[in-house]
Amino acid sequence: MQISLHADPHTDGGQRMLDHFTVVLKAAMERYGERVTRVEAHLSDVHVQARSSDDNIHCTLDAHLVGLDPVVVKDQAGSAHQAIEGAVRKLQRAVGSEIAKHEGRGAR
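In our numbering, the protein residues as written are 56 to 163.
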């Protein structure tokens with residue numbers, strides 16, 4: 056599985072954040088094995104000027120699956136770590152649902 060992290064200039068997208076994302080993502084996606092070929096994360100600070108909100112950091116995950124359409128999920132939280140973890144939980148459920156939709160009842 057290829058993993059990439061893109062961040063705007065106002066969000067921490069350094070190596071430590073990529074390492075955190077990789078660990079969380081691999082743990083959540085391991086049950087799907089080779090079905091998930093690539094996951095891209097996009098981090099952004101949605102309230103760069105106004106720091107009044109607790110949910111400033113937005114994380115979008117785009118997962119590419121073998122033979123299926125990509126799955127996209129979003130989460131927003133107070134920190135990049137929280138946004139990534141929330142988005143990964145949503146991605147785990149969404150990927151499972153997408154795969155289950157395309158498998159026969161006997162294959163589950």
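Every residue, glycine too, gets a C-beta built ideally from N, C-alpha and C. In this text the structure is predicted, and so the values were computed from the model without any measurement.
### Query
Would you report the Cα separation of H65 and N111, rounded to the nearest angstrom?
In the sequence shown, residue 65 corresponds to position 10, counting from 1. In the sequence shown, residue 111 corresponds to position 56, counting from 1. If you draw a straight line from the Cα of H65 to the Cα of N111, it is about 11 angstroms long.
#### Entry: heavy atom of the ligand COA below 8 angstroms from H119 C-beta
No copy of the ligand COA occurs in the structure displayed, which carries no ligand at all.
#### Entry: Cβ shell of A138 (< 8 angstroms), same chain only, five flanking positions each side left out
Locating residue 138 in the sequence shown gives position 83, counting from the first residue. Sequence-distant Cβ neighbours of A138 in its own chain, meaning closer than 8 angstroms and more than five residues away, are L98, I112, H113, C114, D130, Q131 and A132.
#### Entry: 7 angstroms Cβ shell around D100 - same chain, five flanking residues per side excluded
Position 45 of the sequence shown holds residue 100. Contacts found: D63, H65, T66, N111 and I112.
### H75 vs L123 beta-carbon contact at 9 angstroms
Position 20 of the sequence shown, counting from 1, holds the residue named residue 75. Position 68 of the sequence shown, counting from 1, holds the residue named residue 123. Inclusion of H75 and L123 in the CB contact set at 9 angstroms is not warranted, their separation being larger than that value.
### Query
Which residue or residues does DSSP assign as beta-bridge partners of L190?
Since the first and last residues shown for the chain are 56 and 163, residue 190 lies out of range.
### Query
Got a sec? Which residues, its chain only, sit under 7 angstroms from A118 by beta carbon, not counting five neighbours each side?
As a position in the sequence shown, residue 118 is number 63, starting the count at 1. Excluding sequence neighbours, A118 sits near V91, V94, P125, V126, L146 and V150.
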